[in-house]
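For reference, the structure is listed below as structure tokens.
Protein chains: 4
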Amino acid sequence: MNRKLRMGMIGGGTGSFIGDVHRKASSIDGMIELVCGAFSSTAEKSIQSGKDLFLAENRCYGSYEEMILKEKELPKEERMDFVAIVTPNHMHFPPAKMALENGFHVVCDKPMTLTLEEAIELEAIIEKSGKLFALTHNYPANPMVKQAKALVDHGDLGTIRKVQVQYLQGWLSTDLETTGQKQAAWRVDPSKSGIGGALGDIGTHAENLVEYITGLKITEIAADLGRFGKGRVLDDDGNLLLRLENGAKGTMSISQIALGEENNLAIKVYGTKGSIEWHQENPNELVTRWLDEPLKIYTPNGNKLYPSAQISRIPAGHPEGYLEAFATVYKNFATHLIAKLKGETIDQPDYPTAKDGLRGMKFIYAAVESDKNNSIWTKI
Amino acid sequence: MNRKLRMGMIGGGTGSFIGDVHRKASSIDGMIELVCGAFSSTAEKSIQSGKDLFLAENRCYGSYEEMILKEKELPKEERMDFVAIVTPNHMHFPPAKMALENGFHVVCDKPMTLTLEEAIELEAIIEKSGKLFALTHNYPANPMVKQAKALVDHGDLGTIRKVQVQYLQGWLSTDLETTGQKQAAWRVDPSKSGIGGALGDIGTHAENLVEYITGLKITEIAADLGRFGKGRVLDDDGNLLLRLENGAKGTMSISQIALGEENNLAIKVYGTKGSIEWHQENPNELVTRWLDEPLKIYTPNGNKLYPSAQISRIPAGHPEGYLEAFATVYKNFATHLIAKLKGETIDQPDYPTAKDGLRGMKFIYAAVESDKNNSIWTKI
Amino acid sequence: MNRKLRMGMIGGGTGSFIGDVHRKASSIDGMIELVCGAFSSTAEKSIQSGKDLFLAENRCYGSYEEMILKEKELPKEERMDFVAIVTPNHMHFPPAKMALENGFHVVCDKPMTLTLEEAIELEAIIEKSGKLFALTHNYPANPMVKQAKALVDHGDLGTIRKVQVQYLQGWLSTDLETTGQKQAAWRVDPSKSGIGGALGDIGTHAENLVEYITGLKITEIAADLGRFGKGRVLDDDGNLLLRLENGAKGTMSISQIALGEENNLAIKVYGTKGSIEWHQENPNELVTRWLDEPLKIYTPNGNKLYPSAQISRIPAGHPEGYLEAFATVYKNFATHLIAKLKGETIDQPDYPTAKDGLRGMKFIYAAVESDKNNSIWTKI
Amino acid sequence: MNRKLRMGMIGGGTGSFIGDVHRKASSIDGMIELVCGAFSSTAEKSIQSGKDLFLAENRCYGSYEEMILKEKELPKEERMDFVAIVTPNHMHFPPAKMALENGFHVVCDKPMTLTLEEAIELEAIIEKSGKLFALTHNYPANPMVKQAKALVDHGDLGTIRKVQVQYLQGWLSTDLETTGQKQAAWRVDPSKSGIGGALGDIGTHAENLVEYITGLKITEIAADLGRFGKGRVLDDDGNLLLRLENGAKGTMSISQIALGEENNLAIKVYGTKGSIEWHQENPNELVTRWLDEPLKIYTPNGNKLYPSAQISRIPAGHPEGYLEAFATVYKNFATHLIAKLKGETIDQPDYPTAKDGLRGMKFIYAAVESDKNNSIWTKI
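Residue numbers (our numbering), protein chains in the order written: chain A, 1 to 380; chain B, 1 to 380; chain C, 1 to 380; chain D, 1 to 380.
Right, here's the structure in full:
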């Protein structure tokens, strides 16, 4: 199989934020090429988007249904291998289901689905299909997050006692959705976002990061959600207490009305032997603290990294960013898919799957339920 | 009254941490001199401590009772003006009460008392006595905290929506109290600390800082306390949700088992027009964020400070620290006391009083109650 | 011209650092595809490298000469549009010359050539050829460097008085070249690097950044070069005084033996009205200082950027890194080339050219001369 | 000798910057009391200053001559032990000489004298007098500078190869001296400052810090001085190359026209085994880099400090600042003086002396000479 993987995109028309991210991220490592897309809700717009991307007109479709069906009929050596779903939340499940049931692998943006029911159903569909499914929780793909996880896994931190996680943005501080801003409009609309606002958009990232690094499940949460924007029915802010399966405790603070914050995802994990601290906005440092040693800062391709963290593409001191981590999700998915297509059996590379997606949906539902019940502890 | 104020110290024998802090802080501005002390539980030890401080033997007393009674009999031009109480919590109320009732002003370390009942009683005693009472919540005395408060007070941040406060230490990560370490021993002992462990020691600082900067009361909290050290009955960790009187929400994370953290008190306040962020360990920066402006960092004696923040003793760029802020509490108290002794009437300078102390005790009690009730929302 | 540009690569076989960087950077924006390469010194190795890159065997050449000649004979709709030269310094000029003279545009790594004579000749060849030539000084392509330049250009900093630039690495602290490390081996070898060691490798980046941001030429330098590694004949360290054409003064410190430094390129520029500070390792902040304002920090896609700095691909707070800036050089070159191929006339997008390359070579020569003359001031 | 040391101050009238610093710094540790002063040029002003300091009128003198003579006649148990000289540079030598020759110990601000000749003479006077002399280079007294020195002294950094030091201020960016600002006025006046402007005021601190930490002498320098302020005859900016006695090289950048900089003294030292970096504005961190280890940050009272660095007065995480370091100079001087007065022989505590003062003056003279000779290398 000496060729690049062929990707079809669902959503992500010209001007889209996350569609463009998926395109750039999937192209960095030279393993994937975009061959077709149902970028927009009309064929015309889709073709226009495709043109900007140097795609042939006949591979630009007016709907995901059309794309899946037509691609399926293309000769094997031409048709797409997998779809990348980059639409708003309510349009994750239908195309994912259809793609899987028609023999295509899937990369899907998060949160996995609109509802918990869909998530449960999708997990079953994936299993039945035998196809690969990747969920683009990109943050765990940062080298320094890998190092944090490796420190936990090797027992270097001892027993985890305390976790602090925050994901703070300020872009919905004003009532941006009333200005025609599309990104804002769908995110505050329950029919497109689901029952969680900030919870789904960024809370799931925070939840996923905690469980990824610690290897521990969050078992219950107590949530106090805010709806600060005028007329908002979905949360734009959340303050949560966390309890983890091993008895560790913690806090989660998420917000899209934390004025002036850009994309401040950060986590601290405290153990009985060591602690870690990582900030997404400064991703190339992993701060660690120790009982008897000075504070130590690990860096990508720097000294004394565990093998799983040695994934940087460039030498130490050459900063990596958001796109590189996102690209690693695609790279690991592509590595897996290529092996599968070759009929090889390999250990699954480290990328998020439907399991992560289901955890995320359960987290959203538990948080909303706790909030409705004046923040009582609620099981995830 | 062309003389320094005369201070008598209760507690703070040789080797004490906080007693030494009070002595250094009270001496920086040249307005106060230490003239006597009941430093330890025996006259012998007290005299030894006094010797190291170049005090006359006859001004080193074996008990606070003795000191108060003997000093009261000294000629007016010789006897102490006020006492500084730097003992563990259970020894705050008795000497404070006796000093006030015998005509001495009081500076007292926090938390104000062992119990809420004592705090209420002490407030009444102070009022009745007509004497001054300062509680050494030192953190609000940092210039950059003053600037943060001024930004709020002038409406620059708009309406406050969200608060995040943390006070993280790691020094009780191990079971230090079993090693004979005195500081640790009394802090984990309810008979000396009261019903709050980390809550009283550092939580009250966090609570005080939130209310000081925002000018808003925390009306209710939901608390999940941890007791991670072996055999500890008092909290050594706490995760709290906050609701403020204006509808703002927030989190508080406190810990003395956050391994590797030194003295990480930090606060973020988000409003509808601007936001602030301050870190005690890097106290000479106030980070601010704005709707339409780049991030701005204020510095002591730097550009564009409000007058109330222009309290630095040294030029911009010459870092100030913990002792300087502590000294400002003493300086403002001393300024007030000098005016009072001169018979002048002045606006009370900005230092914490029994009101702050009572809030702190109520906070501890509400947190403990919430925790007992599986973190239900509890009014302060 | 609805197609991607076609790139042929010279150098950059499997395991190469900078070749891989060029491949990734050129692919991010979906405007360029790699179609052929002379990756190594033998056809066999070249084919192996090409395989990893999913290239057809017949487009993997054993030498750049072969590639240029064979590609030239391919049908227009198939053959490469430009070459990317990613070989060691001594192999920049010959392929660049040949490519240009055979009708291909060129992207070339820095420093431009092995010798100053070659640089002068190359500039003439480029002009005569009418082809585009881009030199991959990637650092000016960072959004925050663009903002710095814009602040200068708009006069916001007033008159520039002082510049401080450093480019510090530590990877040659040990005698790495004796261990078989290829990157180290050619860099300390004058026949491959030219007369400058650290000067050529990183000093030219520092020089370029100063002139780019300030818009001022460095007119003379006083250089004290170090050769700390055992047996090294080329500089591995340099300390320089700078004088700029407007009377501004400054320092430059470069090193590859600054143990522990990873890739610490940083610059400060001080004017009569404002100042800027930028660090490559933390590229998403531009620190600025002002006469009467607090320190302000600009961020990519953040508030109040000049249009020329609004080039980020992702929203504020999503960190960009080394590859993204590198990609911008390719993007701007590609935009230019596409316009040219379409016969359109556009303003040249902002990417470094042979002018920058020539300045760099003159800088190296002046520094070496000054050093030979015990650091006397030497004109560039 | 169970009493505080008695200090008389020369200069430092109300409103003075450095006089106030000396008073606060000398009082923090409770070992020194201010008993008299010749604060201003008239008795009247001096008395007014003394009043603010709660001094008796008869101990406030109209001139240093009067103070020295009158204090000498006071009974031993009352008269001052030493003088603190906090006047502009031209008024360092005369009172220092007179004090020493009349039996008083001396603490003196830097630079030590107005001219190199005075410095040489003063050193002889001190030696002859048998009195103690401390020069208040305060920066080496920071705990993290002590740790840096200890790392060098213990060989942890290996052989020093490169040094980068900067001391950047911006307060003379405008022509402040024309506005009646006293601090600015004398500093730009050669009759009061000597032949160095920024060189004397801050360059000597930079030079002293390099030699203190590395234990190496700067043997020669190449200096390019700037005089950017209108009409200034003294340097307000300087860029220097350094050569150290062991073959190490480096740069020094000093400025008082680096607009927006507050008090940015920073140093990096690179060895063959490790490196250190320290910033005065963030003094409670010592950044260290290592061949095979991650970056490590030491903190005051934190883990793994050498004994000589364990001098913090407060627990880890409680920031120390400028005054605390300054106080340490006084504390060490006082410890020495008390021992001497008691007739005890002790190792000299670590505080700067006339040797440092003489190095500083030689540095100023070499820099000015180099600059006059178009930056040729000049021996210190």
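Using N, Cα and C, we set each Cβ at its ideal position, and we do this for glycine too.
query: Under the three-state DSSP convention, the category E127/A falls into; result: helix
query: Cutoff 9 Å: L151/D Cβ touching any chain A Cβ; result: no
query: Start-to-end residues for the alpha helix (DSSP H) that takes in T251/D; result: Premise fails: T251/D lies in the beta strand (DSSP E), 249 to 255, not in any alpha helix (DSSP H).
query: Segment limits, beta strand (DSSP E) that includes S275/B; result: 274 to 279
query: Which listed residue (E78/B, G12/B, D81/B) has its alpha carbon closest to that of S49/B; result: G12/B
query: Reduced DSSP category for Y298/C - H, G, I as helix; E, B as strand; rest coil; result: strand
query: Neighbouring residues, chain B, relative to E293/C (Cβ below 9 Å); result: K296, N303, K304
query: Residues from the stretch 204 to 225 of chain C in contact with chain A, defined by Cβ distance under 9 Å; result: none
query: Simplified DSSP state of F363/D, which is helix, strand or coil; result: helix
query: Neighbour list for D237/C in chain D, Cβ cutoff strictly below 8 Å; result: R161, K162, K249
query: L5/B: first and last residue of the uninterrupted beta strand (DSSP E) it sits in; result: 5 to 10
query: Alpha carbon of E57/D to alpha carbon of R161/D, nearest angstrom; result: 56 Å
query: C-alpha distance - T335/B paired with V83/B, whole-angstrom precision; result: 16 Å
query: Sub-9 Å separation of L216/B and L240/B beta-carbons; result: no
query: Closest Cα partner of E281/C within the set E71/C, Y139/C, V210/C, S375/C; result: Y139/C
query: L53/A beta carbon less than 9 Å from that of I28/C; result: no
query: Extent of the continuous beta strand (DSSP E) to which W290/B belongs; result: 286 to 290
query: G19/C versus A367/C: straight-line alpha-carbon distance, rounded; result: 28 Å
query: Backbone secondary structure at V382/D - three-state DSSP; result: Since the first residue of chain D shown is 1 and the last is 380, residue 382/D is not available in this structure.
query: Alpha carbon of S129/A to alpha carbon of V35/A, nearest angstrom; result: 23 Å
query: Local conformation of G170/B per DSSP, three classes; result: coil
query: Pick from G196/C, N142/C, T178/C, D189/C that is closest to P319/A, judged by C-alpha positions; result: N142/C
query: Cβ shell of T115/B (< 7 Å), same chain only, five flanking positions each side left out; result: G194
query: Contact set for Q310/B: own chain, Cβ-Cβ below 8 Å, skip 5 residues either direction; result: P143, N301
query: Secondary structure, alpha helix (DSSP H): runs of 4+ residues fully inside the stretch 4 to 81 of chain C; result: 17 to 27, 43 to 52, 64 to 73
query: When P111/B, M98/B, P352/B are compared against A198/B, the one with the closest alpha-carbon; result: P111/B
query: Same chain, Cβ closer than 7 Å to M31/A, five either side skipped, listed in chain order; result: K4, L5, K331, A334
query: Contact the stretch 159 to 176 of chain C vs the stretch 202 to 214 of chain C: 3+ CB pairs below 8 Å; result: yes
query: Test item: CB-CB of G357/C and L209/C under 9 Å; result: no
query: Whether K304/C touches D292/B by CB criterion (9 Å); result: yes
query: is_contact[T115/D, chain B] using C-beta, thresh 9 Å; result: no
query: Cβ-based neighbour list, T288/D, same chain, cut-off 8 Å, excluding 5 preceding and 5 following; result: L151, G274, S275, I276, E277, L295, K296, I297, Y298
query: D189/D versus E211/D, D235/D, G317/D, residue with shortest Cα-Cα distance; result: D235/D
query: Beta-carbon contacts of E44/D that lie in its chain and below 7 Å, excluding the five residues immediately before and after; result: none
query: Chain C within 9 Å of H318/A, Cβ atoms only; result: yes
query: Cβ of T272/A within 9 Å of any chain D Cβ; result: no
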